[in-house]
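Asker: Going down the list, the sequences are from chains F and H.
This note's numbering puts the first residue of the first sequence at 164, with every later residue one more than the last.
This note's numbering puts the first residue of the second sequence at 2, with every later residue one more than the last.
All C-beta atoms, glycine included, are put in the ideal place defined by N, C-alpha and C.
Everything numeric in this text was worked out from a predicted model, so none of it was measured.
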Amino acid sequence: MVHVEINESGCRGCRMCVDICPTEVFEFDEPARKARVRESEDCIGCLSCSYLCPSKSITHSDFPVVKNFYRDLQFCRKKEAFL
Amino acid sequence: MENNKVRLNTDWLSACGGCHCAIVDLHEKILDVLGYVQIQRCPVLTDQKDYPPADVGILTGAIRNEHDRHAAEKMRKSCKSLIAFGTCAVYGGIPGAALAHTREELLDRAYRNNPTTETSVPPGEMIDSLEKIVTPIDEVVDVDLYLAGCPPHPTFIFDALLALIEGRAPKAQDQAVCAHCQRNMDRCDTDRIQSYHEGIPDPSLCLLSQGYVCLGSVTLDRCLAPCPKNGVPCTGCAGPTMEILTEPNRDIRTEVADRMARLTRLEQPVIIKAMERSAKSHYSYAMASRMIGEKSTFLIRKWIAEVEESL
Ligand code: SF4
Ligand code: SF4
Ligand code: SF4
Ligand code: SF4
Ligand code: SF4
């Protein structure tokens, strides 16, 4: 099952994840001005939130990996070596 | 004891020296590192001109002349693992941004008509001439690890060195600069793009919300966001985020415009049009690398090659 996590200190409170998620996985904590994961279980693994998040603070684990045919494969290999 | 230490060689190619200063900038933490590392060759710390056998090599800078090429090969031969250190080494960086000009223009600006010095002639035959283009080091020698940043913040350097010393796999963190920026990304009524020199930005509000084009959300965080924290929009000196590097259809201007449009009353096409006026500078730190140079949305490298061909 997909697990969604937000790195709290990295969240800038833009609400973009709340707006874009098709399955309302996120909710907004007004006093703290941060997004929170409401229900990880509802995530369909579309990764829209993780692409849109300006600080790249949303991570997913345990999602089914689909072969991404339009990626720059040369760089993907290099990415593993990034410190 | 000395024999158990990790032997380190460093060298700089076409670089500004900032990356080497950043290594020294570990301050007292350098003592922790020195407990484990024996610095053999390092242009700012030791007077070693040769390349003794080493476990780890740190190369800063890009390749623009015969000397750079030679030094990169010497480093590769002498070191078991080689780190491309700093944006110049990883993507071409600032020397790579010189691709936006012809070699003649560069020599003229630096030597003949330099507005800040009285030098009047380009260096003669004693010094290697400029190669046609700037080449990131991994196109010349094999590179084992990459640490972007201009320069990388000592926090990242320390973590990277420690991971190497402890023999654990380095973990790529791919957060963007916004992650360490303290500004709130609130929605505003802004309906105009502001130039960097206009007005004084609100210190607690995201610069995008205020109409300033900030590249924080499209830039890999290897700096802890000093620029936006101090009121200056990020210009992307650590190079683009992993998304932009790996996915050919993602582009700095469309990604920033998407987010800015969600935070302001500005329409995406208006933001894109405004950003295109400074298009040359968006990829300035990474334009020499093939990942960006061959991106379908990026044409600068092609334009430059055409100009160089015609000379
Ligand atoms: S998109 Fe990212 S920064 Fe914005 S609210 Fe969601 S987690 Fe926070
Ligand atoms: S991956 Fe898609 S479904 Fe899952 S939380 Fe993000 S936007 Fe929602
Ligand atoms: S990456 Fe930046 S700090 Fe490092 S050598 Fe290049 S220009 Fe200087
Ligand atoms: S876009 Fe710039 S100002 Fe806004 S949060 Fe990101 S780094 Fe900070
Ligand atoms: S320009 Fe951006 S990436 Fe470079 S130091 Fe400033 S905030 Fe960091």
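1) At the level of alpha carbons, what is the spacing between H:Gly93 and F:Arg201?
2) Are any of the Cβ atoms in chain H nearer than 8 Å to that of F:Arg234?
3) Got a sec: is the Cβ-Cβ distance from H:Asn10 to anything in chain F below 8 Å?
4) Name the DSSP beta bridge partners of F:Phe238, please?
5) In this structure, does DSSP put H:Met2 in helix, strand or coil?
6) Say the cut is 7 Å; is the CB of H:Ala177 nearer than that to a heavy atom of ligand 1?
7) When you compare each of H:Ala111, H:Leu107 and H:Val57 to H:Phe86 by their alpha carbons, which one comes out closest?
8) Using a cut-off of 7 Å between C-beta atoms, extract the partners of F:Cys239 located in chain H.
9) Using C-beta distances below 7 Å, list every residue in its chain close to F:Arg240, excluding the 5 sequence neighbours before and after it, in chain order.
10) Mind checking if F:Arg201 is an interface residue toward chain H, Cβ cutoff 8 Å exclusive?
11) Between H:Met2 and chain F, is any beta-carbon pair separated by less than 8 Å?
12) Is any heavy atom of ligand 1 found at a distance shorter than 7 Å from the C-beta of H:Cys22?
13) Between the beta-carbon of H:Ser15 and the beta-carbon of H:Gly62, is there less than 8 Å?
14) Taking F:His166 as the reference, which of F:Phe245, F:Thr222 and F:Pro185 has the closest Cα?
15) Please determine, among F:Phe245, F:Cys206, F:Val188 and F:Leu215, the residue with the shortest C-alpha to C-alpha distance to F:Phe226.
16) Tell me which same chain residues have a C-beta within less than 6 Å of the C-beta of H:Gln269, skipping the five on either side of it?
17) By how many angstroms is the C-alpha of F:Glu190 removed from the C-alpha of F:Lys219?
18) Is any beta-carbon of chain H found at less than 8 Å from that of F:Cys212?
19) Per DSSP, what kind of secondary structure is H:Arg42 in: helix, strand or coil?
20) Below 7 Å, is the gap between the Cβ of F:Arg175 and the nearest heavy atom of ligand 4?
21) Does any residue of chain H have a CB that is nearer than 8 Å to the CB of F:Ala244?
22) Give the DSSP-derived three-state secondary structure of H:Pro229 in the structure shown.
23) DSSP on H:Phe299, reduced to helix/strand/coil?
24) Report yes or no: do three or more beta-carbon pairs, one from the region 173-180 of chain F and one from the region 166-185 of chain H, lie closer than 8 Å?
25) Mind listing the chain H neighbours of F:Pro227? Cutoff is C-beta to C-beta under 8 Å, in chain order.
26) Per DSSP, what kind of secondary structure is H:Gly58 in: helix, strand or coil?
27) Could you pull the DSSP bridge partners for F:Ser211 from this structure?
28) Work out the CA separation of H:Thr255 and H:Asp192 for me, nearest whole Å.
29) Can you list the beta strand (DSSP E) stretches of 3 or more residues lying completely in the region 158-187 of chain H, in chain order?
30) Looking at H:Ala239 and H:Gly294, is the spacing between their C-beta atoms short of 8 Å?
31) Quick one: grab the DSSP three-state call for H:Leu246.
32) Assuming H:Thr247 contacts F:Asp192 (C-beta within less than 8 Å), just tell me the rounded distance between them.
33) Which one of H:Gly36, H:Glu277, H:Met288 and H:Arg260 has the shortest CA to CA distance from F:Ser211?
34) From which residue to which residue does the beta strand (DSSP E) around H:Ser82 run?
35) For the pair the region 134-152 of chain H and the region 17-27 of chain H, tell me if three or more CB-CB distances fall below 8 Å.
36) Report whether the distance from the Cβ of H:Pro241 to the nearest heavy atom of ligand 4 is below 7 Å.
Answerer: Judging by the given coordinates:
1) H:Gly93 and F:Arg201: Cα-Cα distance of roughly 43 Å.
2) F:Arg234 counts as touching chain H.
3) Chain F places no beta carbon closer than 8 Å to that of H:Asn10, leaving this residue out of the contacts.
4) None, per the DSSP bridge assignment.
5) No answer about H:Met2 holds up, because its pLDDT of 44 lies below 50 and its placement is not dependable.
6) Not under cutoff, so the answer is no.
7) The closest CA to that of H:Phe86, considering only H:Ala111, H:Leu107 and H:Val57, is found on H:Val57.
8) Neighbours of F:Cys239 across chain H, judged by C-beta separation under 7 Å: Thr247.
9) Hits under 7 Å: none found.
10) For F:Arg201, no Cβ of chain H is located within less than 8 Å of the residue's own Cβ.
11) Interpretation of H:Met2 is limited by its pLDDT of 44, a score under 50 that renders its predicted location unreliable; the figure taken from the coordinates is listed afterwards. No, H:Met2 lies away from the interface with chain F (no Cβ there is under 8 Å from its Cβ).
12) Not so, every heavy atom of ligand 1 lies at least 7 Å from the Cβ.
13) Cβ atoms of H:Ser15 and H:Gly62: closer than 8 Å.
14) Closest by alpha carbon: F:Thr222.
15) Nearest option by C-alpha distance: F:Cys206.
16) Taken in chain order, the residues that qualify are Ala258 and Ala262.
17) In a straight line, the C-alpha of F:Lys219 is about 17 Å away from that of F:Glu190.
18) Judged by the 8 Å Cβ criterion, F:Cys212 is not in contact with chain H.
19) In this structure, H:Arg42 counts as strand in the three-state DSSP scheme.
20) At least one heavy atom of ligand 4 is nearer than 7 Å to the Cβ of F:Arg175, so yes.
21) Chain H contact via Cβ: present.
22) H:Pro229 falls in the helix class under three-state DSSP.
23) For H:Phe299, the secondary structure class from DSSP, reduced to helix, strand or coil, is coil.
24) Yes, the region 173-180 of chain F is in contact with the region 166-185 of chain H.
25) Those within 8 Å of F:Pro227 in chain H number zero; the least Cβ separation is about 19 Å.
26) In the structure shown, H:Gly58 sits in a strand (DSSP, three-state: E or B).
27) BP columns for F:Ser211 are empty, so no partner.
28) In this model, H:Asp192 and H:Thr255 are separated by some 18 Å (Cα to Cα).
29) No beta strand (DSSP E) of 3 residues or more sits fully in the region 158-187 of chain H.
30) Contact flag unset, no.
31) Note: H:Leu246 maps to helix in three-state DSSP.
32) Not confirmed; about 31 Å, so no contact.
33) Checking every option, the nearest Cα to that of F:Ser211 belongs to H:Arg260.
34) H:Ser82 -> beta strand (DSSP E) spans Cys80 to Phe86.
35) Yes, the region 134-152 of chain H touches the region 17-27 of chain H.
36) Flag unset: Cβ of H:Pro241 not near ligand 4.
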